[in-house]
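Trainee: Right, I'll just put the structure down here and ask away after.
Number of protein chains: 2
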Amino acid sequence: MSETRVRNAAAEDALDAQIGYNLRRASALALNDFSVEMAETSLRPVTYAMLALIDERPGVRAAELCRLLGMKSANMAPLLGELEERGLIARDDHAEDKRVQELNLTESAKAAMPAWRRKVRRHEERFLQRLSRNERATLLRLLRLIWVDEAE
Amino acid sequence: MSETRVRNAAAEDALDAQIGYNLRRASALALNDFSVEMAETSLRPVTYAMLALIDERPGVRAAELCRLLGMKSANMAPLLGELEERGLIARDDHAEDKRVQELNLTESAKAAMPAWRRKVRRHEERFLQRLSRNERATLLRLLRLIWVDEAE
DNA sequence: TATTGTTATACTCTATAACTATA
DNA sequence: TATAGTTATAGAGTATAACAATA
């Protein structure tokens, strides 16, 4: 059996050589590490992402948040309810279009956000410790080539 | 406001600059594309990964398969049952240790595997179309730096 | 005592469909 | 008709705990 074959599969077809599989494993590890670092905040990756984006785009519409995060509004609704109940966001009525909700962080969430961002930075530092600064920049660029829509 | 800031967050802390977030988005896109390509085979990423590894390591123990795929045996058990019912794998008794199951592909699965691997290659080709050959190799290396245990 | 494998169960994420209100 | 948002529900992935059989 040649070196270019992994048992029964050509090396290029081996599971370990598949980028999709390695994306899933790396993502699972990152998810896990995130929940360890953020446990005390009761924020999950999705809820943190929502807060971070609302922080970066005050007044963003719920539908726009769905689009930006690649979520269905049916799945977003209960999460917005959760964040509102916890006093982290406000759903404000749009002036002209009564269908629209404008999302904003509460003062309490605004105050907490810098510390949460620092925690996330520590989490990234930990699960990326084997990558150099340059490698991290490269990885970021390549990941965005995969999923970011060219049209945007 | 300086160019180095994304609204309220320093650029390095912006959601879009987080590798964990981008891993999750890229992985979700890959998952989605996988299920489109593999729909007619009724194989999901997990079940395909199990078959591919059993193909690459005939006779692998169930516990070893769990370890290699990062799964809990409690979650593996029903999937092995599914694959056995579909006539794709056999769970053979170990000669010396009666607790152990040795996993093998059936003849029918062995015959189908090359076509399934080709379909997965097409899927990878599609969701990675914006990455060059070199970039794909780099991405693979960086992803494995994140999740593959140094001890192995 | 530890390991292999199973069952039961709960939680999160995601997908679809049906719905209300508004444009 | 189309869009914004909600509710209900089902499927898949993953986590823990309790268990039986074997080492």
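Protein chains in written order, with the numbering used here: chain A, 155 to 306; chain B, 155 to 306.
By construction, the Cβ of each residue, glycine as well, lies at the ideal position given by its N, Cα and C atoms.
None of these values were measured; they are calculated from a predicted model.
For a quick check, are the C-beta atoms of ARG290(A) and LEU297(A) less than 7 Å apart?
Mentor: As a first step, residue 290(A) is located in the first sequence; it is residue number 136 there, counting from the start. As a first step, residue 297(A) is located in the first sequence; it is residue number 143 there, counting from the start. The answer is no: Cβ separation not under 7 Å.
Trainee: Could you check where the alpha helix (DSSP H) with ARG287(B) kicks off and where it finishes?
Mentor: In the second sequence, residue 287(B) corresponds to position 133, counting from 1. ARG287(B) -> alpha helix (DSSP H) spans 287 to 301.
Trainee: Do ARG240(A) and GLN255(A) have their CB atoms nearer than 7 Å?
Mentor: Translated into the one-based positions of the first sequence, residue 240(A) becomes position 86. Translated into the one-based positions of the first sequence, residue 255(A) becomes position 101. Cβ distance not < 7 Å, so ARG240(A) and GLN255(A) don't count as in contact.
Trainee: Quick one: using the 10 Å Cβ neighbour count with 16 as the cut-off for buried, is ASP209(B) buried or exposed?
Mentor: Here the question's residue 209(B) lines up with position 55 in the second sequence. Buried, because 16 or more other Cβ atoms sit within 10 Å of the Cβ of ASP209(B).
Trainee: So the alpha helix (DSSP H) ALA203(A) belongs to, where does it begin and stop?
Mentor: Reading the first sequence from its first residue, position 49 is the one you call residue 203(A). Where ALA203(A) is concerned, the enclosing alpha helix (DSSP H) stretches over 199 to 210.
Trainee: Since ASP246(B) sits in a beta bridge, which residues does DSSP pair it with?
Mentor: Here residue 246(B) is taken as the residue at index 92 of the second sequence, counted from 1. ASP246(B) is bridged to GLU256(B).
Trainee: Spatial neighbours of ARG179(B) within its chain, please: CB distance less than 8 Å, with the 5 preceding and 5 following residues excluded, ordered by chain position.
Mentor: Residue mapping note: residue 179(B) aligns to position 25 of the second sequence, counting from 1. If we look at ARG179(B) and ignore the five residues flanking it on each side, it has no Cβ neighbours.
Trainee: Could you check the C-alpha separation between LEU285(B) and LEU293(B) for me, to the nearest Å?
Mentor: Position 131 of the second sequence, counting from 1, holds the residue named residue 285(B). Position 139 of the second sequence, counting from 1, holds the residue named residue 293(B). Going by the C-alpha atoms only, they are around 9 Å apart.
Trainee: Measuring CB to CB, does SER128(B) end up less than 7 Å from LEU177(A)?
Mentor: As displayed, chain B neither begins before 155 nor continues past 306, which places residue 128(B) out of reach and without an answer.
Trainee: Please report how far the alpha carbon of TYR202(B) lies from the alpha carbon of SER189(B), in whole angstroms.
Mentor: Within the second sequence, the letter at position 48 stands for residue 202(B). Within the second sequence, the letter at position 35 stands for residue 189(B). C-alpha separation (whole angstroms): 11 Å.
Trainee: If we cut at 7 Å on Cβ distances, does ILE173(B) have a partner in chain A?
Mentor: Along the second sequence, one-based indexing puts residue 173(B) at 19. Chain A contact via Cβ: present.
Trainee: Leaving out five residues before and five after HIS248(A) in sequence, what residues of the same chain have Cβ atoms less than 8 Å from its Cβ?
Mentor: Along the first sequence, read from residue 1 onward, the residue named residue 248(A) stands at position 94. Cβ within range, chain order: ARG215, VAL254, GLN255 and GLU256.
Trainee: Using CA atoms only, rank isn't needed, just tell me which of ASP251(A), LEU242(A) and LYS252(A) is closest to TRP270(A).
Mentor: Within the first sequence, numbered from 1, the residue matching residue 270(A) stands at position 116. The candidate whose alpha carbon is nearest that of TRP270(A) is LEU242(A).
Trainee: Does MET155(A) come within less than 7 Å of chain B when only Cβ atoms are used?
Mentor: Here residue 155(A) refers to the residue found at position 1 when the first sequence is read from its first residue. Confidence at MET155(A) is low in this model, with a pLDDT of 47, below 50, so its placement is unreliable and the value that follows should be read with caution. By this cut-off, MET155(A) is not an interface position.
Trainee: Between the Cα of ALA193(A) and the Cα atoms of ARG211(A), HIS277(A), GLY213(A) and THR260(A), which residue gives the shortest distance?
Mentor: The sequence position of residue 193(A) within the first sequence is 39, counting from 1. Taking each of ARG211(A), HIS277(A), GLY213(A) and THR260(A) in turn and checking the Cα distance to ALA193(A), the smallest one comes out for HIS277(A).
Trainee: From LEU183(A) to TRP301(B), what does the alpha carbon distance come to, in whole angstroms?
Mentor: For the purposes of this step, residue 183(A) is identified with residue 29 of the first sequence, where counting begins at 1. For the purposes of this step, residue 301(B) is identified with residue 147 of the second sequence, where counting begins at 1. Their backbone Cα atoms lie some 6 Å apart in a straight line.
Trainee: I need the DSSP call for ARG284(B), collapsed to helix, strand or coil.
Mentor: In the second sequence, residue 284(B) corresponds to position 130, counting from 1. In this structure, ARG284(B) counts as coil in the three-state DSSP scheme.
Trainee: How many Å lie between ASP105(B) and LYS264(B) at the Cα?
Mentor: Outside the displayed span of chain B (155 to 306) sits residue 105(B), for which this structure offers no information.
Trainee: With H, G and I counted as helix, E and B as strand and the rest as coil, what does DSSP make of ARG215(A)?
Mentor: Here the question's residue 215(A) lines up with position 61 in the first sequence. Strand.
Trainee: Using 7 Å as the threshold, is the C-beta distance between GLU191(A) and LYS273(A) below it?
Mentor: Here residue 191(A) corresponds to residue number 37 of the first sequence, with the count starting at 1. Here residue 273(A) corresponds to residue number 119 of the first sequence, with the count starting at 1. Yes, they are a contact pair.
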